[in-house]
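Enquirer:
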Amino acid sequence: MVQADPIPLLQDLVRCPSVTPTDAGVMDVVEAALTPLGFAVTRLTFEGDGSYPVDNLFATRQRGGKHLLFCGHTDVVPPGDEAAWTHPPFAAEIVDGKLYGRGAADMKSGVAAFIAAAARAVADGSADRGTISLAITNDEEADSINGIDKLAAWAAAAGHRFDFCVVGEPSSAVRLGDSIKIGRRGSLNGRVTVTGVQGHVAYPEKARNPLPVLADVVRALGGRLDQGTAHFPPTNLEFTSLDVGNPTANVIPAKATGRFNVRYNDGWTPASLEAELRRALAGLEAPDCTIGLEVMGRPTRAFLSEPGGAVEVLCRTIERLTGARPELSTAGGTSDARFLAQYCPVVECGLPGPSMHKVDEHVAIADVEGLAALYAAFIADLFR
Numbered sequence: 000m001v002q003a004d005p006i007p008l009l010q011d012l013v014r015c016p017s018v019t020p021t022d023a024g025v026m027d028v029v030e031a032a033l034t035p036l037g038f039a040v041t042r043l044t045f046e047g048d049g050s051y052p053v054d055n056l057f058a059t060r061q062r063g064g065k066h067l068l069f070c071g072h073t074d075v076v077p078p079g080d081e082a083a084w085t086h087p088p089f090a091a092e093i094v095d096g097k098l099y100g101r102g103a104a105d106m107k108s109g110v111a112a113f114i115a116a117a118a119r120a121v122a123d124g125s126a127d128r129g130t131i132s133l134a135i136t137n138d139e140e141a142d143s144i145n146g147i148d149k150l151a152a153w154a155a156a157a158g159h160r161f162d163f164c165v166v167g168e169p170s171s172a173v174r175l176g177d178s179i180k181i182g183r184r185g186s187l188n189g190r191v192t193v194t195g196v197q198g199h200v201a202y203p204e205k206a207r208n209p210l211p212v213l214a215d216v217v218r219a220l221g222g223r224l225d226q227g228t229a230h231f232p233p234t235n236l237e238f239t240s241l242d243v244g245n246p247t248a249n250v251i252p253a254k255a256t257g258r259f260n261v262r263y264n265d266g267w268t269p270a271s272l273e274a275e276l277r278r279a280l281a282g283l284e285a286p287d288c289t290i291g292l293e294v295m296g297r298p299t300r301a302f303l304s305e306p307g308g309a310v311e312v313l314c315r316t317i318e319r320l321t322g323a324r325p326e327l328s329t330a331g332g333t334s335d336a337r338f339l340a341q342y343c344p345v346v347e348c349g350l351p352g353p354s355m356h357k358v359d360e361h362v363a364i365a366d367v368e369g370l371a372a373l374y375a376a377f378i379a380d381l382f383r
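Printed below as a string of structure tokens:
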């Protein structure tokens, strides 16, 4: 069964230059691999909400029992200066046991391993003891508006209920299986605007300088906001820019702004975090100045898949195959797992990814083969 070998499939995927949101034939490759395995494949294009149209794919092989969802993305970041690559970014060349190409690590290797694992589970009969589905998008590396968020909502509206989800993002630190991510911090972007009164620097009594007030805001809000929770580090707010837009040396500006990002743990929701920030700002002295707070864009929520249940099954599978239990991590940024967390427990389990987004991005052939074997073993263990 050709699909059981992840390497040729990974090469086919990498050879599609699917820079977000360009499909470049990558979904055709996925569909062609899944259809012979008995998956019903649905292709969906979502658009609107201020973002570009995106091609998505949902495939399911329904056999009752527990419902396992694999989630991944086929879009990649641009390769940059292709002349800087030792191996062409979309050639999928294999040299010295490594497969080179943009998206090889992040995360076409995960998609290839999903499909290879499903093929093996079909061949050995373990796939018939449960239901396997795949949710694949071409919009993870950029806006993430018309991708998994809408695809998961569509699947739920169509009646699909998932017991567990594995997202194939690179999660291992040094070796395959040494770490899985059971949660992610939330992210909130905001802007504070302090409005005063413009004036001549020689007559400060006739102006109201917003900059000292903004400095107080930075001191009051910046840094840690709590002591952390059982599985997460402390919530942290970092100011990323302070601006007045004032090119003149002898003018007190009328307005000053500060932009910030908060990476927050599961002790907060976007609403409770915003309320706390407003409370802190209300307590500052700002004589004859006003302080405004604006949340920018849509915050991403923190999520946690509690240890136990399917998470424990996955840990035992990894320990049996690698000889060591994985670390349960919540470190790092965001991924499409945040959209699935509202439907079922979700973890990120994938390869080490030190080369992702870099020139000469690559994966070790042995790691891709090992990941496919790990996923196949997990399917059997979960459905058993």
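Using numbering that gives the first Met the number 0, read the sequence shown as starting at 0 and increasing by one per residue. For every residue, glycine included, the Cβ atom is placed at its ideal position computed from N, Cα and C.
For the alpha helix (DSSP H) containing E368, list its first residue and its last residue.
Expert: First-last of the alpha helix (DSSP H) with E368: I364 to F382.
Enquirer: Among all the DSSP beta bridges, which residues are the ones paired with E140?
Expert: Its beta-bridge partners do not exist; DSSP assigns none.
Enquirer: Taking 8 Å as the cut-off, does the stretch 104-118 touch the stretch 371-381 (at least 3 CB pairs, one atom from each stretch)?
Expert: yes
Enquirer: Would you call the stretch 291-304 and the stretch 336-345 touching, i.e. three or more CB-CB distances under 8 Å?
Expert: By the Cβ criterion, the stretch 291-304 is in contact with the stretch 336-345, since at least three pairs of Cβ atoms, one from each stretch, lie closer than 8 Å.
Enquirer: Which runs of the alpha helix (DSSP H) fall wholly inside the stretch 319-363 and span at least 4 residues, in chain order?
Expert: 336-339
Enquirer: Quick one: Cα of G100 to Cα of L8, how far?
Expert: Between G100 and L8, the C-alpha separation is close to 13 Å.
Enquirer: Contact between the stretch 42-62 and the stretch 132-142 is defined here as three or more beta-carbon pairs at a separation below 8 Å; is this criterion met?
Expert: yes
Enquirer: Any idea which residues DSSP pairs E293 with across the strands?
Expert: Answer is R190.
Enquirer: Between N264 and F238, is the Cβ-Cβ spacing less than 8 Å?
Expert: no
Enquirer: Return the CA-CA distance between A155 and D287, expressed in angstroms with no decimal places.
Expert: 52 Å
Enquirer: Hey, T329 and I181 are a contact pair by Cβ (cut 8 Å); roughly how many whole angstroms apart?
Expert: At roughly 7 Å, the Cβ-Cβ gap stays under 8 Å, so T329 and I181 are in contact.
Enquirer: How many Å lie between R385 and E275 at the Cα?
Expert: Outside the displayed range of the chain (0 to 383) lies residue 385, so it cannot be described from this structure.
Enquirer: With a cut-off of 8 Å on the beta carbons, I'd call R160 and F382 a contact; round off their distance for me.
Expert: About 16 Å separates the two Cβ atoms, so there is no contact after all.
Enquirer: Can you give the Cα-Cα distance for H199 and L241, rounded to whole angstroms?
Expert: 21 Å
Enquirer: Just tell me which of G102, T192, A91 and I147 has its CA closest to the CA of T289.
Expert: T192
Enquirer: Once the 5 residues before and after P252 are set aside, which same chain residues still bring their CB inside 6 Å of it?
Expert: V243 and N245
Enquirer: What are the start and end residues of each continuous beta strand (DSSP E) run of 3 or more residues lying completely inside the stretch 97-183, in chain order?
Expert: Contiguous beta strand (DSSP E) elements confined to the stretch 97-183 occur at 97-99, 130-136, 163-166 and 178-180, taking only those with 3 or more residues.
Enquirer: Could I get the ranges of all uninterrupted alpha helix (DSSP H) runs contained in the stretch 197-246, with 4 residues as the minimum, in chain order?
Expert: 209-220
Enquirer: Give the C-beta separation of P391 and D177 to the nearest angstrom, bearing in mind that I take them to be a contact with Cβ-Cβ under 8 Å.
Expert: In the structure as shown, the chain starts at 0 and stops at 383, and residue 391 therefore has no counterpart that could be examined.
Enquirer: Using the DSSP secondary-structure output, state which residues sit across from A58 in a beta bridge.
Expert: V40 and L133
Enquirer: From which residue to which residue does the beta strand (DSSP E) around A255 run?
Expert: K254 to Y263
Enquirer: I93 to D4, Cα distance in whole Å?
Expert: 15 Å
Enquirer: Note the first and the last residue of the continuous alpha helix (DSSP H) segment covering L272.
Expert: P269 to A281
Enquirer: So N235 packs on R223, CB below 8 Å; how close in whole Å?
Expert: 6 Å
Enquirer: To the nearest angstrom, report how far apart W267 and D148 are at their CA atoms.
Expert: 21 Å
Enquirer: Indicate whether F259 and L220 have their beta-carbon atoms separated by less than 8 Å.
Expert: It is a contact, given that the beta carbons lie within the stated cut-off.
Enquirer: By the three-class DSSP mapping on this structure, what secondary structure does G71 have?
Expert: strand
Enquirer: Within this structure, are the beta carbons of I179 and L327 separated by less than 8 Å?
Expert: yes
Enquirer: May I have the straight-line CA-CA distance separating K97 from R174, to the nearest angstrom?
Expert: In this model, K97 and R174 are separated by some 15 Å (Cα to Cα).
Enquirer: Secondary structure at G64, three-state DSSP: helix, strand or coil?
Expert: coil
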